[in-house]
Amino acid sequence: MNRLVIMLSTLLALAAWPGPSTAKADAGGDFRLIRAGGPLQLRADRAYILLRIDTSNESFAADLLRVPSEQEMASYSAAKQEAHAKAGAKAPPLADFAFDYSGRANLYELPAGKWFAQNGKTNTVLAEVPPGDYVFYGQGFNGYLYECMCLGSVGFAASAGKVTDIGTMFVASAAKPSPIPELAGEVDLGPTAAMDNTLWAIALRPARPEDNLPEAIYGTAIAPAQFHAVGTFVEPNVIYVNRLAPIPGVLSYRSGHVIDVATGTEVPDH
Amino acid sequence: MFGVHAWLGRRRRYNAKQCWLTLLGGWVYKLIFPAALGLAAIDTAAAQNAAVAQGHSTIDLAVAEKDLADPRKFFIFHKSGVSVQEAEADLAFCSRFLANGAQRTLPAFVPWGNRPAPQENAAASTQYGLMGAAIGAVIDGPLLRSRGQARLFRCMAPRGYSRYRTSQAIWQQLNLGDPVQSVKLRAQVASGPVPPTPQVLP
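These protein sequences, in sequence, are chains A and B. Residue numbers for the first sequence follow my numbering, beginning at 822 and rising by one. Residue numbers for the second sequence follow my numbering, beginning at 267 and rising by one.
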């Protein structure tokens, strides 16, 4: 019996086995989570992203991607080519060459556990980031990217000297029904969505005037994010692929194709 | 996510029996398992080539109830009214999400607009010691397969495809072998007659 318990617990643990650690890219001074208690002084050369995370079901993280500049992409490509050349004749073709880049990072984790403010089951996370264009890239936990929004997501701009409120993130098991209205159509998918790992349905409710704001935010320049639909993209280094739940006026799907609601057109794949 | 760290962390020493089991597990994974899969793939590829050359699926999809495999994992897609070309395009599109690498650790750099390559996978790692590598090696195959099945389902279902139960043997015949031929074959099945096996709901 003990052996059975050990085997089962091992299998369960391995179901979420994260794999090997890889060299982390350098977030340097680019990214900082602002925690509760300290005074909030916005820097003119930095942008701020505010996200509420509903932790009623699980306490996960939102993983946000900053769209890299051409210079960043060029630096990455040069480093990858150099590593590929060093790897010699046994290396796979450049496109298939797995490469751990230790240069400037552009994928950041906003974990529910590192909150700036708490209101019941809703944790508000505040991040200081470089100004730029961002994509709601996926959902993660403990520093690992678990699920990408590869089948459709949203993007937004974060301007310098301002707090951009991207609303509230909701999470529920995609296998079972959920009472969260934003997740309708993304849940109750059945047991295929809960085999060795759980597929999580993710929704982002844009900021509303009645949403709770931490007192420390009062008086700062804050504005709701202006979202646009983002087409499909490929990310193999995850457990699962999923899509962000539709957002009225912003994001919808037609036979699996990503639709920009504002224009009614299909968004190209990346 | 923490379970394996904690479990392995408590086992600081391996006795001789554990070490031999570990090595045996590694050999099974690295030598015997791929060899068996390789032989199966050759047979599958030959059957797929023959079926695709016919222009329509020649695979008998009828399966006795006792041979129907786990409906969470082993299913075939079908969509009434879809053309074989549309089905092929859908399956080819969704197959791009099957590449499987180790999870990213954050912060990270993602070459947005380029397609990232899969990172080294768990089974090849010895991060968790010999025992961890052996356990990972044995379990990684089925684990990656079920992730692939769930990913494909998540992509195909919104495109209007229903799922029908099948046997593991037919599933392998359709899904293993040459990826291009496999897509063609599954497109023929998806656009053909409604499979005679029970539908997977939901």
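Using N, Cα and C, we set each Cβ at its ideal position, and we do this for glycine too.
At a cut-off of 8 Å between beta carbons, E949 (chain A) makes no contact with chain B. Going by beta carbons, P889 (chain A) and W378 (chain B) fall inside the 8 Å limit. A416, R417, F419, R420, C421, M422, A423, P424, R425, G426, R429: these are the residues of the stretch 416-447 of chain B whose beta carbon lies less than 9 Å from some beta carbon of chain A, given in chain order. Leaving aside the five residues that flank H1049 (chain A) on each side, the residues in its chain whose CB is nearer than 8 Å to its CB run, in chain order, V975, G976, F977, V1071, D1081, A1083.
With respect to S428 (chain B), H344 (chain B) sits close: the two C-beta atoms are nearer than 8 Å. E352 (chain B) has a beta carbon lying at 8 Å or more from every beta carbon in chain A. Here S457 (chain B) carries a helix assignment [DSSP, helix/strand/coil].
The three-state reading of DSSP puts W378 (chain B) in coil, since its state is none of H, G, I, E or B.
According to the DSSP assignment, Q939 (chain A) belongs to the beta strand (DSSP E) that extends over 938-940.
Contacts with chain B at 8 Å (Cβ-Cβ) do not include P952 (chain A). Between L886 (chain A) and N927 (chain A), the alpha-carbon positions lie close to 6 Å from each other.
By the rule that beta-carbons nearer than 8 Å mark a contact, Q465 (chain B) does not touch chain A.
For I436 (chain B), the uninterrupted alpha helix (DSSP H) run begins and ends at 434-441, by DSSP. Using beta-carbon distances, I855 (chain A) does not count as an interface residue toward chain B, since no partner is under 8 Å.
Around the beta-carbon of E331 (chain B), fewer than 16 other beta-carbon atoms lie within 10 Å, marking it exposed.
Between I436 (chain B) and Q351 (chain B), the alpha-carbon positions lie close to 22 Å from each other. Of the other Cβ atoms in all chains shown, fewer than 16 fall within 10 Å of the Cβ of A857 (chain A); this residue is therefore exposed. Leaving aside the five residues that flank V1088 (chain A) on each side, the residues in its chain whose CB is nearer than 6 Å to its CB run, in chain order, A1050, G1052, V1079, D1081. Not a single C-beta of chain B is nearer than 8 Å to the C-beta of V1079 (chain A). Just so you know, the alpha carbons of R381 (chain B) and E1036 (chain A) end up roughly 42 Å apart. With fewer than 16 other Cβ atoms inside 10 Å of its own Cβ, E1031 (chain A) counts as exposed.
Counting only Cβ-Cβ distances below 8 Å, F920 (chain A) has contacts in chain B at A383, in chain order. Inter-segment contact for the stretch 866-876 of chain A and the stretch 913-928 of chain A is absent: fewer than three beta-carbon pairs are separated by less than 8 Å.
When DSSP states are grouped into helix, strand and coil, T1013 (chain A) belongs to the helix group.
In this structure Q369 (chain B) is buried. Its beta-carbon is surrounded by 16 or more other beta-carbon atoms within 10 angstroms. Interface residue (Cβ-Cβ distance to chain B less than 8 Å): A1024 (chain A) is not classified as such.
Within the stretch 915-940 of chain A, the complete beta strand (DSSP E) segments of 3 residues or longer fall at 928-932, 938-940, listed in chain order. In summary, the residues of the stretch 1043-1067 of chain A whose CB is separated from some CB of chain B by less than 7 Å are V1055, E1056, P1057, N1058, V1059, I1060, Y1061, V1062, N1063, in the order they occur in the chain. In the DSSP assignment, D986 (chain A) falls outside any alpha helix (DSSP H) and within the unbroken beta strand (DSSP E) covering 984-994. The way I'd put it, the stretch 928-945 of chain A doesn't touch the stretch 1015-1027 of chain A; fewer than three beta-carbon pairs between them come closer than 8 Å. Closest in C-alpha terms to F962 (chain A), from the list A:D884, A:L1004, A:H1091, comes A:D884.
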